[in-house]
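In our numbering, the protein residues as written are 222 to 357. Using N, Cα and C, we set each Cβ at its ideal position, and we do this for glycine too. Following: one structure in structure tokens, then a few remarks.
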Amino acid sequence: GRARVRERAAGGMAAAQGRWLAMGDADATYDFGELGRFVEALRQGAELVMGTRLPPGRILPGANPWMNRHVGTPATTFVLNRLFGTRIRDTNCGMRALTREVFERLLGMLLMAAGREIAIFSFLHGVLRRHLRARG
222 GRARVRERAA GGMAAAQGRW LAMGDADATY DFGELGRFVE ALRQGAELVM GTRLPPGRIL
282 PGANPWMNRH VGTPATTFVL NRLFGTRIRD TNCGMRALTR EVFERLLGML LMAAGREIAI
342 FSFLHGVLRR HLRARG
């Protein structure tokens, strides 16, 4: 089930050799040609880079059902942006890149989470780290 998929995904990322890790759904709904932009952001110091399936991002067929695209994702994104003062376009997008350090801090949550919750956990982690540094 879902727990086994999460364990395998987390295990694969843990076994990866790089200092940066990227992930995305393996259903051909993301354009992995865009990863160069993610790497550039990581080189400039970002800890977490998130993709978007909403305009102006490019949505590939099957990446985001109508209800999610027009109701669920915009509502979740709006609430999280209002709560945390961010400007994320798609908090539920599964294509993202992160540093190994962030992955290791998130590993426990990733193993417990399912689907969209993984996206939310990583979003909140990035936001909270930024706010803690700003106050620190």
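With 16 as the cutoff for other CB atoms within 10 Å, does residue i come out buried or exposed?
i, result
"residue 316", "buried"
"residue 248", "exposed"
"residue 272", "buried"
"residue 243", "buried"
"residue 268", "buried"
"residue 288", "exposed"
Out of curiosity, what's the CA-to-CA distance linking residue i and residue j?
i, j, result
"residue 270", "residue 240", "14 Å"
"residue 306", "residue 318", "21 Å"
"residue 301", "residue 245", "21 Å"
"residue 310", "residue 261", "19 Å"
"residue 234", "residue 326", "13 Å"
What are the boundary residues of the beta strand (DSSP E) that residue i is part of?
i, result
"residue 260", "No beta strand (DSSP E) contains residue 260, which is instead part of the alpha helix (DSSP H) from 256–264."
"residue 307", "Per DSSP, residue 307 belongs to no beta strand (DSSP E) and is neither H nor E."
"residue 292", "Run containing residue 292: none; DSSP gives neither H nor E here."
Going by C-alpha distance, which of the options is nearest residue i?
i, options, result
"residue 321", "263, 312, 313", "263"
"residue 255", "274, 289, 237", "274"
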